[in-house]
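Novice: Supplied in structure tokens, the structure appears directly below.
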Amino acid sequence: MKLRAIHERCSGCRACALACSLANFREMNPAKSALRIEGRFPAPGDYRIHLCDQCGACAEACPEGAIVLVDGAYIIDADLCTGCLTCIEACPHSVMYEHPGAATPIKCTLCGACAEICPRGAVVMEGGA
Amino acid sequence: MLFGYAGHILEVNLSTGRITKTPLPEDLARDYIGGRGFVARLLWDRIRRGTDPFSPENLLIVATGPMSGHLVPASGKTHFGTKSPATGGYADSNMGGHFGPALKYAGYDILILSGRAPGPGYLFIEDGTVELRSAEAHWGSGAITAEEELKKELGDDFQIITIGPAGENLVRFACVSHDFGRQAGRTGAGAVMGSKNLKAVAVRGTGGLPVFDAEGLFEKGCEAFEKVKAKPGFAGWTPEGTAGITDWVNEVGAFPTRNFQTSFFPGYKNINGRAVLEHLKITDKGCFCCPTPCGKYGRAGTGLGSVYVEGPEYESIALLGGACVLESVEDIAYANYVCDQLGLDTISAGAVAAWAMECFEKGILTEEKVGRKIRFGDLEGMVYLFEKIAARDGIGDLLAEGVMRASREVGRGSEDFAIHVKGLEWSGYESRNAPGMMLAYMTADVGAHHNRAWALGHDVAGSAASVHDLISSGGSRGKLPKATVTGKAERVIELQHIRPLFDCLGICRLQYMELGFEAENYEELFFLVTGRRMSWAELLQISERVWHLTRAFSVREIEGFGREFDYPPPRFFREPVPDGPNEGHYLTRRELDTLLDEYYAARGWDQNGVPTEETLRRAGLADVADALRVEK
Numbered sequence: 000m001k002l003r004a005i006h007e008r009c010s011g012c013r014a015c016a017l018a019c020s021l022a023n024f025r026e027m028n029p030a031k032s033a034l035r036i037e038g039r040f041p042a043p044g045d046y047r048i049h050l051c052d053q054c055g056a057c058a059e060a061c062p063e064g065a066i067v068l069v070d071g072a073y074i075i076d077a078d079l080c081t082g083c084l085t086c087i088e089a090c091p092h093s094v095m096y097e098h099p100g101a102a103t104p105i106k107c108t109l110c111g112a113c114a115e116i117c118p119r120g121a122v123v124m125e126g127g128a
Numbered sequence: 000m001l002f003g004y005a006g007h008i009l010e011v012n013l014s015t016g017r018i019t020k021t022p023l024p025e026d027l028a029r030d031y032i033g034g035r036g037f038v039a040r041l042l043w044d045r046i047r048r049g050t051d052p053f054s055p056e057n058l059l060i061v062a063t064g065p066m067s068g069h070l071v072p073a074s075g076k077t078h079f080g081t082k083s084p085a086t087g088g089y090a091d092s093n094m095g096g097h098f099g100p101a102l103k104y105a106g107y108d109i110l111i112l113s114g115r116a117p118g119p120g121y122l123f124i125e126d127g128t129v130e131l132r133s134a135e136a137h138w139g140s141g142a143i144t145a146e147e148e149l150k151k152e153l154g155d156d157f158q159i160i161t162i163g164p165a166g167e168n169l170v171r172f173a174c175v176s177h178d179f180g181r182q183a184g185r186t187g188a189g190a191v192m193g194s195k196n197l198k199a200v201a202v203r204g205t206g207g208l209p210v211f212d213a214e215g216l217f218e219k220g221c222e223a224f225e226k227v228k229a230k231p232g233f234a235g236w237t238p239e240g241t242a243g244i245t246d247w248v249n250e251v252g253a254f255p256t257r258n259f260q261t262s263f264f265p266g267y268k269n270i271n272g273r274a275v276l277e278h279l280k281i282t283d284k285g286c287f288c289c290p291t292p293c294g295k296y297g298r299a300g301t302g303l304g305s306v307y308v309e310g311p312e313y314e315s316i317a318l319l320g321g322a323c324v325l326e327s328v329e330d331i332a333y334a335n336y337v338c339d340q341l342g343l344d345t346i347s348a349g350a351v352a353a354w355a356m357e358c359f360e361k362g363i364l365t366e367e368k369v370g371r372k373i374r375f376g377d378l379e380g381m382v383y384l385f386e387k388i389a390a391r392d393g394i395g396d397l398l399a400e401g402v403m404r405a406s407r408e409v410g411r412g413s414e415d416f417a418i419h420v421k422g423l424e425w426s427g428y429e430s431r432n433a434p435g436m437m438l439a440y441m442t443a444d445v446g447a448h449h450n451r452a453w454a455l456g457h458d459v460a461g462s463a464a465s466v467h468d469l470i471s472s473g474g475s476r477g478k479l480p481k482a483t484v485t486g487k488a489e490r491v492i493e494l495q496h497i498r499p500l501f502d503c504l505g506i507c508r509l510q511y512m513e514l515g516f517e518a519e520n521y522e523e524l525f526f527l528v529t530g531r532r533m534s535w536a537e538l539l540q541i542s543e544r545v546w547h548l549t550r551a552f553s554v555r556e557i558e559g560f561g562r563e564f565d566y567p568p569p570r571f572f573r574e575p576v577p578d579g580p581n582e583g584h585y586l587t588r589r590e591l592d593t594l595l596d597e598y599y600a601a602r603g604w605d606q607n608g609v610p611t612e613e614t615l616r617r618a619g620l621a622d623v624a625d626a627l628r629v630e631k
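Read top to bottom, the protein sequences are chains A and B. In this text, residue positions in the first sequence follow numbering that gives the first Met the number 0: the first is 0, and each later residue adds one. In this text, residue positions in the second sequence follow numbering that gives the first Met the number 0: the first is 0, and each later residue adds one.
See the structure below:
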């Protein structure tokens, strides 16, 4: 399974980011989410969804081997993570985030909450395991 | 612990630079909920009687509600409250977008702005960091341009409100702008911001909000999204948004046309929701956490140029299109863009331009006075007027005062067709054969605005159907009989409590009003967010309290305030509608009095429209009753 963004369907409501923070942190806080909606205004007047496609660049870059593939998602092992933030720099889509209230960088866990809430079908889960 | 709320009030005195953060008082949250309720109570408590709206002593209050920023449908609403430069009385205006949630994530439910900055400034808020910074570089910029520039400077994840030149120059109908096309448009809040030398507020927050039952809210919030998506209006209403009502309003003869001379626009099919989709739209543009985005963002090409613009939504179509007789949706979108950049409310700007055009047609305003010929349907003339108004240059200085003051100065019968109540220009529903809607306009606390009670559906269909149900069942196909005048008060009062309740909660009413998403959903979501178990009826009681309080504020602040301030302009009680579905209809002055008599009695106000002491006490406003008695 993978997340896919269909940009032209997005209306910028950011419900995905709220659902992400609730699903992963039990918090109502879109700053603690693993995806980002960019509004490109006034021109060209559209939205871009920035999300993790589980490419694994973060795992390759991690000097501690703290990011491992579990059921199709690269997951940070909090016990091994030293907070060096190398992964954030390595992420080609800039969708890993630092947050003062999070012990490790924030990264997509492929939980699917964003795709489930999106009323526009702009973020979808697709593909097999 | 106050669940749902960020928990603090941020107060900035722009004169002294003093910044204070205080806990949100629990009794304020309990008795007034949030948003509009906060605004009403704080204005009553903290504005000294007789304060000039443009003086440093006036306040501009930005308030969210407990549900703003949470995972509930359309939780992006933010309220702006002040003493109105348009009416001199109570004012609040709200907008969608993302600003309110960001303010809460930064830690603040309410931002209170007082004083006047020594020079052009903007307020920077990033969590606990609050700074007044120079806006010299942005002063004079368009509202959209200023937002774009500030985003480039600060980052895309800042949420920003700005004013345009109209706000800087104290145009009485200047708006507060946000997110490249959302506005707190009404009541002149942008002019108050300008009077404080404040060009913008930029906010970014990284904190979370306390939730009474986060697990439960996650589950029920997702479920609420599913329920909204299952409503017929999700597929039927959302694609065109508010512009989709244009056909129906014309077919029931309520579309303000030629400065409200008539109520039907023959070319309405060229400026409806379908036309917006076919000729303008690039993307749907939603507010925070909204499953049903009514915003349509697009590009319009006209003889005057090509522009990116959000809209036009229905009200802009009605006032810039109908009232000023622009025949194409591209022209309306262009006029919309000009207003957005200048920071003019499209409703009032359209009404003011339409009044000026009629004055010109009747020879009351001359080419010499105006500086050029102006006529209905002429986009170039409208743009000329808007630019003059925003700069308060020449004729613009007169028009920047709004139709009430301008017509009093010009005279010669122009007051009869200055379409306003209390000094606020009329929005998009001509009501000579819609007595409920007429009463709603007459008694709306901010002046002639539809967004306190939209009673037109009740006038036409006699039911509480959702807007989607109304428009999908179609308008009329011929002449309409004269509507019954009696028995309107009860429904108008009910509606005046419902929409403003959403304004207290900090969420959009659209899923409820337009799509028919049921009230009990909100009881449950409110409980999960706040931990307070309140029935819909109990929530509406708070809305009623706020309604009496805003009336009391205007009684206190406006000399001689009362019944005389509740009448519409003479056009509506003297001139029959000349053509269209409501040809021949109008309301006599006696009928207007019947509407008011029934309304005041049902409200518990005296014959002059002043809340009685008993009514105020019953509503939990004993201190307000005491204060009004002392002032008598």
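We put the beta carbon where it would ideally sit given N, CA and C, even for glycine.
(1) Please decide whether Phe264(B) counts as near chain A, where near means a Cβ-Cβ distance under 8 Å.
(2) Between Glu130(B) and Thr237(B), what straight-line distance do the alpha-carbon atoms span, to the nearest angstrom?
(3) Okay, do the stretch 286 to 301 of chain B and the stretch 317 to 326 of chain B touch, 3+ Cβ pairs below 8 Å being the bar?
(4) One question on the structure: do Leu34(A) and Val123(A) come within less than 8 Å of each other, judged by their Cβ atoms?
(5) For the beta strand (DSSP E) that contains Ser133(B), what are its first and last residues?
(6) From the DSSP output, which residues share a beta bridge with Glu309(B)?
(7) Can a CB atom of chain A be found closer than 8 Å to the CB of His69(B)?
(8) Strictly below 8 Å CB to CB, what residues from chain B border Arg13(A)?
(9) Within its chain, find whatever has a CB closer than 6 Å to the CB of Glu10(B); leave out the 5 residues flanking it on each side and keep chain order.
(10) Which residue spans inside the stretch 248 to 297 of chain B form an unbroken alpha helix (DSSP H) run of at least 4?
(11) DSSP three-state label for His6(A), please.
(12) So, with DSSP's three-state summary, where would you put Leu110(B)?
(13) For Lys198(B), which residues in chain A fall below 9 Å Cβ to Cβ?
(14) Could you work out which residue in Ala73(B), Met437(B), Gly36(B) is closest to Ile60(B) when comparing CA atoms only?
(15) If you run the structure through DSSP and keep just helix, strand and coil, what is Ile373(B)?
(16) Excluding five sequence neighbours on each side, which residues of the same chain lie with their C-beta closer than 6 Å to the C-beta of Val202(B)?
(17) Could you please tell me which residues of the stretch 199 to 211 of chain B, in chain order, have their CB closer than 9 Å to any CB of chain A?
(18) For Arg119(A) and Phe516(B), what's the separation of their Cα atoms in angstroms?
(19) Could you give the first and the last residue of the continuous alpha helix (DSSP H) run that contains Thr442(B)?
(20) By Cβ distance below 6 Å, which residues in the same chain neighbour Met0(A) in space, the five residues on each side in sequence not counted?
(21) List, from N- to C-terminal side, the alpha helix (DSSP H) runs of 4 residues or more that fit wholly inside the stretch 436 to 523 of chain B.
(22) With a 10 Å radius around its C-beta and 16 neighbouring C-beta atoms as the bar for buried, classify Gln510(B) as buried or exposed.
(23) Just reading off the beta strand (DSSP E) that Thr19(B) is part of, what are its end residues?
(24) By how many angstroms is the C-alpha of Thr81(A) removed from the C-alpha of Asn93(B)?
(25) Buried or exposed, going by whether 16 or more other CB atoms sit within 10 Å of the CB of Val69(A)?
(26) If you drop the 5 nearest sequence neighbours on each side, which residues of the same chain put their C-beta closer than 8 Å to that of Ala223(B)?
(27) Three or more beta-carbon pairs under 8 Å between the stretch 249 to 264 of chain B and the stretch 213 to 227 of chain B, yes or no?
(28) I'd like to know whether the C-beta of Glu97(A) is nearer than 8 Å to at least one C-beta of chain B.
(29) Locate the beta strand (DSSP E) running through Tyr89(B), then write down its first and last residues.
(30) To which residues of the same chain is Leu378(B) closer than 7 Å at the C-beta, ignoring the five residues directly before and after it?
(31) Which runs of the alpha helix (DSSP H) spanning at least 4 residues fall entirely within the stretch 54 to 120 of chain A, listed in chain order?
(32) Pull up the DSSP beta-bridge partners for Arg203(B), would you.
(33) Would you mind reading off the limits of the alpha helix (DSSP H) that contains Glu613(B)?
(34) I want to verify the contact list: residues of chain A whose CB lies under 8 Å from the CB of Asp155(B), in sequence order.
(35) Count the CB pairs spanning the stretch 281 to 289 of chain B and the stretch 385 to 396 of chain B that are closer than 8 Å, and state whether there are at least three.
(36) For Thr587(B) and Pro569(B), what's the separation of their Cα atoms in angstroms?
Specialist: In this structure, then:
(1) Indexing the second sequence from 1 puts residue 264(B) at position 265. So no, Phe264(B) is outside the interface.
(2) Mapped onto the second sequence, residue 130(B) falls at position 131. Mapped onto the second sequence, residue 237(B) falls at position 238. Counting only the Cα atoms, Thr237(B) lies some 40 Å from Glu130(B).
(3) Segments in contact, no.
(4) For the purposes of this step, residue 34(A) is identified with residue 35 of the first sequence, where counting begins at 1. For the purposes of this step, residue 123(A) is identified with residue 124 of the first sequence, where counting begins at 1. Their beta carbons are not under 8 Å apart, which means Leu34(A) does not touch Val123(A) by this criterion.
(5) Position 134 of the second sequence, counting from 1, holds the residue named residue 133(B). Ser133(B) -> beta strand (DSSP E) spans 128 to 133.
(6) The residue labelled residue 309(B) in the question sits at position 310 within the second sequence. Assignment of beta-bridge partners to Glu309(B) by DSSP yields Tyr296(B).
(7) Position 70 of the second sequence, counting from 1, holds the residue named residue 69(B). By this cut-off, His69(B) is an interface position.
(8) Taking the first residue of the first sequence as 1, we reach residue 13(A) at position 14. Taking a Cβ-Cβ cut-off of 8 Å, the neighbours of Arg13(A) in chain B comprise His97, Phe287, Cys288, given in sequence order.
(9) For the purposes of this step, residue 10(B) is identified with residue 11 of the second sequence, where counting begins at 1. Hits under 6 Å: Thr19, Ile111.
(10) Restricting attention to alpha helix (DSSP H) runs no shorter than 4 residues, the stretch 248 to 297 of chain B encloses them at 272 to 278, ordered along the chain.
(11) As a first step, residue 6(A) is located in the first sequence; it is residue number 7 there, counting from the start. Residue state for His6(A) is assigned as helix, using DSSP reduced to three classes.
(12) Residue numbering aside, residue 110(B) sits at position 111 when the second sequence is read from its first letter. Leu110(B) falls in the strand class under three-state DSSP.
(13) To locate residue 198(B), count along the second sequence from 1; it is residue 199. Neighbours of Lys198(B) in chain A, taken as residues whose beta carbon is under 9 Å from its own, are absent, since the nearest beta carbon is some 18 Å off.
(14) Position 61 of the second sequence, counted from the first residue, corresponds to residue 60(B). The residue among Ala73(B), Met437(B), Gly36(B) with its C-alpha nearest the C-alpha of Ile60(B) is Gly36(B).
(15) Start at 1 with the first residue of the second sequence, and residue 373(B) comes out as number 374. Here Ile373(B) sits in coil by DSSP.
(16) As a first step, residue 202(B) must be located in the second sequence, where it is residue number 203. For Val202(B), where only same-chain residues beyond five positions count, the Cβ hits under 6 Å are Ala101, Leu102, Ala105, Ile124, Gln158.
(17) Residues passing the 9 Å Cβ filter: Arg203, Gly204, Thr205, Gly206, Gly207, Leu208, Pro209, Val210.
(18) Reading the first sequence from its first residue, position 120 is the one you call residue 119(A). Reading the second sequence from its first residue, position 517 is the one you call residue 516(B). When rounded, the distance between both Cα atoms is 18 Å.
(19) The residue labelled residue 442(B) in the question sits at position 443 within the second sequence. In the DSSP assignment, Thr442(B) falls within the unbroken alpha helix (DSSP H) covering 434 to 442.
(20) As a position in the first sequence, residue 0(A) is number 1, starting the count at 1. Gly71, Met124, Gly126.
(21) Correct list: 455 to 460, 466 to 471, 488 to 504, 509 to 512.
(22) If you number the second sequence from 1, residue 510(B) lands on position 511. When all chains shown are included, Gln510(B) counts as buried.
(23) Within the second sequence, residue 19(B) is the residue found at index 20, counting from 1. Note, Thr19(B): beta strand (DSSP E), 17 to 22.
(24) In the second sequence, residue 93(B) corresponds to position 94, counting from 1. In the first sequence, residue 81(A) corresponds to position 82, counting from 1. Their backbone Cα atoms lie some 46 Å apart in a straight line.
(25) The residue labelled residue 69(A) in the question sits at position 70 within the first sequence. Its Cβ having fewer than 16 others within 10 Å, Val69(A) is exposed.
(26) By one-based count along the second sequence, residue 223(B) stands at place 224. For Ala223(B), where only same-chain residues beyond five positions count, the Cβ hits under 8 Å are Val71, Pro72, Phe516, Asn520, Leu524.
(27) In the pairwise beta carbon analysis, the stretch 249 to 264 of chain B is classified as not touching the stretch 213 to 227 of chain B: fewer than three pairs are separated by under 8 Å.
(28) Counting from one through the first sequence, the residue named residue 97(A) turns up at place 98. Cβ-Cβ to chain B under 8 Å: no for Glu97(A).
(29) Here residue 89(B) refers to the residue found at position 90 of the second sequence. Its beta strand (DSSP E) spans residues 89 to 94.
(30) Stepping through the second sequence from its first residue, residue 378(B) is reached at position 379. Here the set comprises Thr301, Leu303, Leu325, Asp330, Tyr333, Ala334.
(31) Correct list: 56 to 60, 85 to 89, 112 to 116.
(32) As a first step, residue 203(B) is located in the second sequence; it is residue number 204 there, counting from the start. In the DSSP output, where bridge partners are listed per residue, Arg203(B) has Glu125(B).
(33) Sequence index remark: in the second sequence, residue 613(B) carries index 614 (1-based). Here the alpha helix (DSSP H) through Glu613(B) covers 612 to 617.
(34) Reading the second sequence from its first residue, position 156 is the one you call residue 155(B). Neighbours of Asp155(B) on chain A, chain order: Glu37, Gly38.
(35) Counting Cβ pairs under 8 Å, fewer than three are found: no touch.
(36) Here the question's residue 587(B) lines up with position 588 in the second sequence. Here the question's residue 569(B) lines up with position 570 in the second sequence. Near 10 Å, if we compare the C-alpha coordinates of Pro569(B) and Thr587(B).
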